[in-house]
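Enquirer:
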Amino acid sequence: MRSNLAGPRLLLRRLREVMAEPITAQERLDKIVVLIASNVVAEVCSVYILRADGVLELYATEGLNRSAVHNASLRVGQGLVGLIAAEARPLNLPNASAHPGFAYLPETGEEAYNSFLGVPILRAGRTLGVLVVQNQSHRTYLEDEVEALQTTAMVIAEMVAAGELEAIAQKATGLDLSRPITANGVGLSEGVGLGHVVLHEPRVVVTNLIAEDTDTEKSRLEAAINRLRLSIDDLLASGEIAATGEHREVLEAYRMFAYDRGWIRKIEDAIKNGLTAEAAVEKVQSDTRARMLRQTDPYLRERLHDLDDLAHRLIRELMGREHGPGFDELPQDAIIVGRNMGAAELLDYGRDRIRGLVLEEGGPTSHVTIVARALGIPMVGLVDDIVSLADGGDAIIVDGDTGEVHLRPAADLENAYAEKVRFRARRQAQYRRLRNKPSVTRDGVEFSLQMNAGLLVDLPHLEESGAAGVGLFRTELQFMVASSFPRMREQQQQYSQILDAAGGKPVTFRSLDIGGDKVLPYLRSIQEENPAMGWRALRLGLDRPGLLRTQIRALLHAAAGRDLKLMFPMVAVVEEFLEAKSLVDKEVKHLRQHGHATPENIRLGVMVEVPSLLYQLEELMDCVDFVSVGSNDLFQFFCAVDRGNTRVADRFDTLGVGFLRALKSIADAAHKAHVPVTLCGELAGRPLEAMALLALGFKDLSMSPASLGPVKAMLRTVDAGRLSARLLPRLEPGHNDRSIRDVLQRFAAETDVAL
Ligand code: PEP
Ligand code: MG
């Protein structure tokens, strides 16, 4: 049975009049409950609003004791009203007191009422309160009545969101919408950012909720859906989307929803009840979101994102213009909050415009993370539901060190963080003052400190940090942020720009180190049980010489007339290097034969990161121009601990005696053969670890640009001779140190080393 459809429409029309009246928020709410009660023919209508302390407070009622307004309250989960808020789902009960969740509030005088219908007040899937009607008779409310109540709840949600109700809040706790929230994610790029939320894909704010004419709205919806379907079909048909892959899957999902009768019928029903087409789409999406947010199945959650995107597209179609802040409107302290973002989009925002990035997705190796790190933007990823919790303009703190995000932080927390930021800035200023000072120890031993890089945007750090050169240029990053395999010319252009930007300082390129955790989306990867030890890096390059030769050719072209330093990753046996070297020789010969200029000077090296090389050091030193220790991988394979697995990654100490002996054997072999040796893993960038390296004989270190200052500060205050004399004997048999960490810390404290 369906009720008279004019009912809900009439209600909405009257609501519009009430919304337009110049009255207080309390008066408006009081009028709204009277209107609803008479429209649904209920004896009671009440509005409960969720406070920041998790309590639902009665804000207005028709039918219950008026004195209970702002006095009666329930916690989320408590009673029927609390249950609706907790589950974000309507409850329709002919006999409320028989429900196990029923809780009786004596101050309201509600004992006389039997039937009960309550709906959540939702906005973007978030529960802001509960709207209830009650009757004395035992009745089940009709589907249309549920709809009408949900629609009205939407209007109240807008009142809450617009801040109207803050004025009549009785408690200092405030409303839930402005509650401070701390969300935990994963710190992906270090640093702390304080600022204000800018939503990457801003929610389109539908302000025109109530329709003038239902038929017009129906045709607007139909036309918008047709345009939407066409645009998706066009995209799928155009050759731009690969035949398989993530993009296509997402679009197929869009198409499925766009043709889904159930979805469209729900929107049409909301229009029938008097909403505008865009408000109807938003209402249906909000209901779906609230229902699906409780899903833990990752597949369904992914589909929810797709549906969210589609609903947004549809709303944009309906509202007829692109929304979102233009770049000129970005606040000075923007912190971008989004579901996910491509690397190119982050580059578009630019380094100077944003102070932080928070994503619901994003992982340690995702492209946007790589770029955020390169740009020095603090970033936290994998933060559940942050987009629906945040509103544009909210104050926010991003802590890329701990992975915490504080939304609408309390003043004391904000002050503590502001102090942290000032402290960092002071230290940075101290480090900047060291920039042009020589890297030399107290006893006069000279060092070379270089920086690691991977993208052109890293290169300005060369000047800022005062690094002597780029000790490790990870060429795979360009490949990882591209959407298809960079061609020879693109590679060449990038390498030549890097060399130009380095302005004569040396750059050590590393050939492609893909495979393992470094995945190229467009390169079909085979499933491997142990990708870190699988078909990766130089192995892949030698098995697919076309790939490696293209890269070598691009490098030779780019460095024509200048110096080229190139090293190969993941070499396990010396022969692999010889094979790679012969590819370089062939390319050089080929270029010369065709009259191309070649580099003035080519030096080829090996990254020592597979332990088997420790037993081939003499042969290795005989054939290379230089070596560079990749301590990240070397330690991973040395101790058999996956560097990316937080459960085990810190299980063993990198300053353990065994590993330090291994490092010393490399430095000794290189010195003996007069082969230059660098260390370019993360170890080099940590001052205490760098102290150990210095004692072992490493004088050339390459690290992230941010580490240069701290390491240089340590270096300039340490006495290398005394340190070696203290540390080296501890590596001899007969001591039972498991780690040298304490020895170093004591030495630093005794001799005033700046750590
Ligand atoms: C290393 O393994 O130490 C290294 C520098 O290379 P990557 O971190 O790129 O594997
Ligand atoms: Mg490595």
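Taking the UniProt record's numbering, the leading residue of the sequence shown gets 1, the next gets one more, and so forth. Where a beta carbon is used, it is the ideal one built from N, C-alpha and C, also for glycine. Since the structure is predicted, the reported quantities are computational estimates derived from the model, not experimental observations.
1. Excluding sequence positions up to five away, which residues of its chain have a Cβ less than 7 Å from the Cβ of Lys712?
2. By a C-beta neighbour count over all protein chains shown, 10 Å radius and 16 as the cutoff for buried, is Ala411 buried or exposed?
3. Taking Ile84 and Pro120 to be in contact with their CB atoms under 8 Å, please state how far apart those CB atoms are, rounded to whole angstroms.
4. So if DSSP puts Ser483 in a beta bridge, which residue, or which two residues, is it bridged to?
5. Can you tell me which of the three DSSP states Pro325 falls into?
6. Starting from Leu122, follow the beta strand (DSSP E) in both directions and report where the run begins and ends.
7. Taking the straight line between their C-alpha atoms, what separation do you get for Pro569 and Gln478?
8. So, are the CB atoms of Arg123 and Leu177 less than 9 Å apart?
9. I'd like to know whether the C-beta atoms of Gly392 and Val197 end up nearer to each other than 9 Å.
10. Of all the options Ile354, Glu618, Met621, Glu609, which has the alpha carbon lying nearest to the alpha carbon of Ala640?
11. Judging by CA-CA distance, which residue of Asn632, Asn645, Asp642, Arg716 is the nearest neighbour of Met683?
12. By Cβ distance below 8 Å, which residues in the same chain neighbour Gly324 in space, the five residues on each side in sequence not counted?
13. So, under 8 Å CB-CB, Arg408 and Pro710 are touching, yes? Tell me the CB distance rounded to an integer number of Å.
14. Less than 9 Å separating the beta-carbons of Ile49 and Gly129?
15. For the ligand PEP, which residues count as neighbours when the test is a C-beta closer than 6 Å to any heavy atom?
16. If you count every other CB in all the chains shown that lies within 10 Å of the CB of Ala748, and 16 or more means buried, which is it?
17. Under the assumption that Leu727 contacts Val743 (Cβ atoms under 8 Å), give the Cβ distance between them as a whole number of angstroms.
18. For His557, which residues in the same chain have their Cβ closer than 6 Å to its Cβ, ignoring the five residues on either side in sequence?
19. For the beta strand (DSSP E) holding Glu404, just list the boundary residues, first then last.
20. At the level of alpha carbons, what is the spacing between His138 and Gln26?
21. Where Ser739 and Arg603 are concerned, what is the direct C-alpha to C-alpha distance, given to the nearest angstrom?
22. Would you check whether the ligand MG has a heavy atom nearer than 8 Å to the C-beta of Met570?
23. In whole angstroms, what separates the C-alpha of Asn736 from that of Ser724?
24. Return yes when at least one heavy atom of the ligand MG lies under 8 Å from the C-beta of Met607, else no.
25. Can you give me the C-alpha to C-alpha distance between residue 768 and Gly274, rounded to a whole angstrom?
26. Applying the 10 Å Cβ sphere with the 16-neighbour rule, what's the burial state of His461?
27. Considering only residues of the same chain and omitting the five flanking positions on each side of Arg265, which have a CB-CB separation below 7 Å?
28. Is it buried or exposed, Asp399, if we count other Cβ atoms within 10 angstroms and call 16 or more buried?
29. Name, in chain order, the residues that DSSP records as bridge partners for Val133.
30. Does the beta-carbon of Met1 have 16 or more other beta-carbons within 10 angstroms, so that it is buried, or is it exposed?
31. So, are the CB atoms of Ser189 and Met379 less than 9 Å apart?
32. Helix, strand or coil, according to DSSP, for Thr182 in the structure here?
33. What are the complete alpha helix (DSSP H) segments, minimum 4 residues, inside the segment 319-390?
34. Hey, which unbroken runs of the alpha helix (DSSP H) at 4 residues or more fall wholly within the segment 511-561?
35. Go ahead and label Thr140 buried or exposed: buried means 16 or more other beta carbons lie within 10 angstroms of its beta carbon, across all protein chains shown.
36. Buried or exposed: which applies to Ala72, given that a residue is buried once 16 or more other Cβ atoms fall within 10 Å of its Cβ?
Expert: From the atom records:
1. Leu434, Ser439, Leu449
2. exposed
3. Rounded, the Cβ-Cβ distance is 5 Å, consistent with contact.
4. Its beta-bridge partners do not exist; DSSP assigns none.
5. With a pLDDT of 49 at Pro325, under the threshold of 50, the modelled position of that residue is not reliable, and the figure given next carries that caveat. Here Pro325 sits in coil by DSSP.
6. 115-123
7. 16 Å
8. yes
9. yes
10. Glu609
11. This sequence places Leu at residue 683; Met is not what is there. Minimum Cα distance to Leu683 is reached at Asn632.
12. Here the model assigns Gly324 a pLDDT of 46, short of 50, so the residue's position is not dependable and the matter cannot be decided.
13. Not a contact, Cβ separation roughly 33 Å.
14. yes
15. Leu472, Arg474, Asp513, Glu609, Gly630, Ser631, Asn632, Asp633, Cys680, Gly681
16. buried
17. 6 Å
18. The answer, listed in chain order, is Gln492.
19. 404-407 is the span of the beta strand (DSSP E), which, as asked, contains Glu404.
20. 31 Å
21. The straight-line gap from Cα to Cα measures roughly 36 Å.
22. yes
23. 18 Å
24. yes
25. This structure cannot speak to residue 768, because the chain is shown only from 1 to 755.
26. buried
27. none
28. Under this definition Asp399 is a buried residue.
29. Cys45, Leu117
30. Here the model assigns Met1 a pLDDT of 38, short of 50, so the residue's position is not dependable and the matter cannot be decided.
31. yes
32. strand
33. Annotation: the segment 319-390 contains the following complete segments of the alpha helix (DSSP H) (minimum length 4 residues), in chain order: 343-349, 367-375, 386-389.
34. For the segment 511-561, whole alpha helix (DSSP H) runs of length 4 or above, ordered along the chain, are 537-543, 545-558.
35. With fewer than 16 Cβ atoms within 10 Å of its Cβ, Thr140 is classed as exposed.
36. buried
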